[in-house]
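Take a look at the structure set out below.
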Amino acid sequence: MSGRRERVTRLCSHLHAQALHYLLFAYRGRQLLRRRPTLGGAHWPAFGLPGEEIALTVDDGPHPRWTPALLDLLDRHGVRATFFLVGDRVRERPDLARQVLAAGHLIGNHSMSHPQPFAALARHEIRAEIAYAQREIEDATAVTPRLFRAPGGNWSSAVLRITAGLGLSPVDWTVNPSDWRSPGVPQIVRTLSRTRPGQIMLCHDGGGDRSQTIAALAEVLPRLTDRGLRFVTVPDQR
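Take any residue in the sequence shown, note its place counting from 1, add 126, and you have its number in my numbering.
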């Protein structure tokens, strides 16, 4: 009976997490229409920035091929970004985590193993995913992340409470080109080129072939800076 109850509980948690995913998807759509995205705080994710700047955030790394390529590109354009790192990948390549930091970028926590849907995990599993990633990043870089992004942006009240309890600020995004799907360079360029002041851009340097992301950013970064937009790292808004 206990095994059946556990399966039912996990199914309910999974369905709840999926419902939250679609609700948040709709909420992000409304954020795009707002003049200023929601800033967030300790108990609600930041969907935007307080100033007129923009932020490039990069998820799912570090990756031995795509992270160095992205770092070279950002250096050429003088852009600082916020990298949300996966603990397992930091453990595999701590040198790349240090390379991101040495290049002047900000590092955030993106869980230990990137499980999805994240909000379907039990509370102790959510806490462990965040805490273990925090430890791996600290061991690799001697820096304590202050920001956390839930895998897939799958937030729940439990995820937000645990994030705050671990001393981290939750960060979401405004502009999502879905580059992880490899939709083609032109599509990624079109989406990212619409970025407005105060918005947070989402891209990826891990989890698959990111050649389209690199090629698209090579077009987008100078286009956005030519518009007078300045890139900053995501602030801790607690």
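Beta carbons: idealized from backbone N, C-alpha and C, even for Gly.
Would the beta-carbon of R361 fall within 9 Å of that of P171? The sequence shown places Pro at residue 361, not Arg. Taking 9 Å as the Cβ cut-off, P361 and P171 do not qualify as a contacting pair.
Sequence-distant residues of the same chain with beta carbon closer than 6 Å to V134, five excluded per side: Summary for V134: the model assigns pLDDT 49, below 50, so the residue's position carries little reliability; its value from the coordinates is reported in the next sentence. Cβ neighbours of V134 beyond the five flanking positions: none.
Go through the segment 273-297 residue by residue and report every complete run of the alpha helix (DSSP H) that reaches 4 residues or more, in order. 283-291
According to DSSP, is A207 part of a helix, a strand, or is it coil? coil
Could you tell me the distance, in whole angstroms, from the CA atom of M327 to the CA atom of H250? 30 Å
Can you check whether the CB of T193 is closer than 9 Å to the CB of L222? yes
From the DSSP output, in three-state form, read off W306 for me. helix
Nearest residue (CA-CA) to R224, options V285, F209, L347 and R275: F209
Any chain B beta carbon closer than 9 Å to G204: Of the protein chains in the structure, only one exists, and it is not chain B.
Scan the segment 146-226 and note each continuous alpha helix (DSSP H) run of 4 residues or more that stays entirely inside, going in chain order. 192-203 and 213-218
Nearest candidate by alpha-carbon position, reference W299, set E179, R154, R287 and I256: R154
Among N280, G333 and A207, which one has its Cα closest to the Cα of A145? N280
Coarse secondary structure for V301, derived from DSSP in three states: strand
Around the Cβ of A207, are there at least 16 other Cβ atoms within 10 angstroms (buried) or fewer (exposed)? buried
Determine the contact status of L365 and V184, defining contact as a CB-CB distance below 9 Å. Nothing about residue 365 can be read from this structure; the chain reaches only from 127 to 364.
Is it the case that the Cβ atoms of P241 and E255 are separated by a distance below 9 Å? yes
For the segment 338-352 against the segment 310-328, are there 3 or more C-beta pairs whose distance is under 8 Å? yes
Could you tell me the boundaries of the beta strand (DSSP E) in which L328 lies? I326 to H330
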